[in-house]
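In what follows, a structure is listed as structure tokens, so that the remarks can point back to it.
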Amino acid sequence: MTTSDAFRLLVPVADSVSVRNTVAHVVDMATNAAEDRPVELHVVDVASTRAVDPDAIEELAAASDLLARVEAWVAEDAGGEPPANLKLVTDVIGAARYLFSPGDYADVLLEYADEQGIDRIVLDPEYNPGGAAPMLRPLTIELALADYEIEIEEAPVARRAQRTVLVRAASLPKYLAVFGASYLFYMLLSSWKPIDFGTGLLTATLVTVLLAPVAFSEQPSFARIGKQTVRMLVYTPYLLKEIAVANLQIAYVVLHPALPIDPEVVELQAAVWGDAAVTTLANSITLTPGTLTVSVTDRAFTIHSLTAGARADLFDGGLERAVRFVFYGRESMAIATPRERGDDGGNSDG
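Quick note on the numbering used here: the sequence shown kicks off at 25 and runs consecutively.
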């Protein structure tokens with residue numbers, strides 16, 4: 025089959041309630057187009073986590089399983105065997121990237137589309153690769169705003185009815201995790217009198233009922249939390265050492281007759297993902313004298329630095345690497361530092 029003049033369709037898929045109907049729609053479109061010219065149907069699953077993430081193996085396995093199902097659906101909808109002019113290509117993309125916002129997913133899809141010469145992108149109306157709130161509308165906007173000559177359409181399949189739910193049910197692990205954390209925190213602040221155990225129980229129960237349904241973006245794993253807790257015990261003295269060293273450096277600057285400060289606001293593109301890891305890194309930077317996290321958007325940290333030395337330490341990536349160790353394990357420490365990744369801390373405020 026000659027593919028130079030082929031019509032190429034790109035369909036990003038995730039495990040949604042309408043993915044099956046979306047595939048059926050696209051196969052019908054591709055089959056009709058294949059009557060006149062060759063067609064390439066590219067079905068991709070955009071991975072939402074890096075290979076160093078502890079959940080990556082499960083996610084990539086789930087992606088491969090979904091693409092295997094797509095292949096079976098295509099064969100079924102094409103009547104047992106696709107037309108000779110129709111070529112199916114499946115792939116998992118984005119596994120080597122840090123994907124947070126709709127713009128990140130749009131970039132991965134558009135880069136793939138550019139490499140493969142895609143003519144049209146067809147989106148599942150319930151497409152939700154990140155596993156959180158549905159992102160079709162912002163993703164569609166990001167794709168439309170990009171500087172690419174490419175058609176974008178939403179598959180005309182039934183949407184799930186949207187209902188506002190004030191309180192959602194949570195799984196048992198979520199309830200247990202929130203209850204345990206709340207009760208432990210309450211007891212740490214209490215005087216450990218007999219009444220404190222009772223009031224702590226009532227308080228933790230109330231917090232669990234209200235917050236467990238929204239406390240986690242994914243199912244908590246007690247095995248993973250246990251490992252992270254142990255690694256956090258290793259991280260704590262490291263952080264205290266960094267705070268002590270930074271205190272000495274700032275004390276030197278303050279006591280120096282020339283007061284050699286060089287304040288600057290810089291942006292750090294951090295190689296961390298997930299709310300807990302991002303929050304830990306942001307707070308660790310703030311706790312270290314000489315640097316202050318001003319804001320965080322996705323993986324972009326806006327940081328006020330007091331001296332050139334503080335900025336150098338920041339982009340050498342010691343804190344970032346240590347936080348990755350806590351949340352993702354030893355393998356993640358091999359990721360390049362911000363300086364090695366070419367992030368020199370673009371000046372945001374002279």
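Backbone N, C-alpha and C define an ideal beta-carbon position, used for all residues, glycine too.
query	result
CA-to-CA distance, Asp340 to Val290, given in whole angstroms	14 Å
Leu311 versus Leu343, Val70, Pro362, residue with shortest Cα-Cα distance	Leu343
Boundaries (first-last residue) of the beta strand (DSSP E) holding His328	324-329
Bounding residues of the alpha helix (DSSP H) (the contiguous stretch that carries Thr315)	It is not in any alpha helix (DSSP H) - Thr315 instead sits in the beta strand (DSSP E) that spans 315-321.
Whole-Å CB distance - Val51 paired with Asp101, under 8 Å assumed	4 Å
Contact between the region 226-237 and the region 317-336 (3+ Cβ pairs under 8 Å)	no
CB of Asp39 within 8 Å of CB of Leu90, strictly	yes
Cβ neighbour criterion (16 or more within 10 Å) applied to Gly374	With a pLDDT of 45 at Gly374, under the threshold of 50, the modelled position of that residue is not reliable, and no figure is offered here.
Three-state secondary structure (DSSP) of Glu394	Lying outside 25 to 374, the shown extent of the chain, residue 394 is not represented and no answer is given.
Range covered by the beta strand (DSSP E) that runs through Arg365	Note, Arg365: premise wrong, no beta strand (DSSP E); not H, not E.
Contacts around Thr326, its chain only, beta-carbon distance under 7 Å, and the 5 residues preceding and following it disregarded	Val289, Glu291, Val318, Ser319, Ser372
The beta strand (DSSP E) enclosing Pro36, as first and last residue numbers	31-36
Test item: CB-CB of Arg248 and Phe349 under 8 Å	no
Simplified DSSP state of Leu292, which is helix, strand or coil	strand
Under the three-state DSSP convention, the category Asp286 falls into	coil
Terminal residues of the alpha helix (DSSP H) in which Lys217 lies	Where Lys217 is concerned, there is no enclosing alpha helix (DSSP H), given that its DSSP letter is neither H nor E.
Paired residues, beta bridge with Lys111 - DSSP	Glu64
Of the listed residues Asp299, Asp337, Trp297, Val296, nearest to Pro313 (C-alpha basis)	Asp337
Residue burial classification, Gly141 (beta-carbon count within 10 angstroms, cutoff 16)	exposed
Cut-off 8 Å between Cβ atoms - residues of its own chain near Leu163, not counting five sequence neighbours on either side	Pro126, Tyr129, Ala130, Leu147, Tyr151
Residues bridged to Arg144 (per DSSP)	Leu33, Glu175
Other residues of its chain near Arg363: CB distance less than 6 Å, five sequence neighbours each side excluded	Phe339
Beta-ladder partner(s) of Asp69, from DSSP	Val116
Between the CA atoms of Gly250 and Arg32 - distance to the nearest angstrom	47 Å
Opening and closing residue of the alpha helix (DSSP H) in which Asn152 lies	Where Asn152 is concerned, there is no enclosing alpha helix (DSSP H), given that its DSSP letter is neither H nor E.
Own chain, CB closer than 6 Å to Ala58, minus 5 neighbours either side, in chain order	Pro107, Asn109, Leu110
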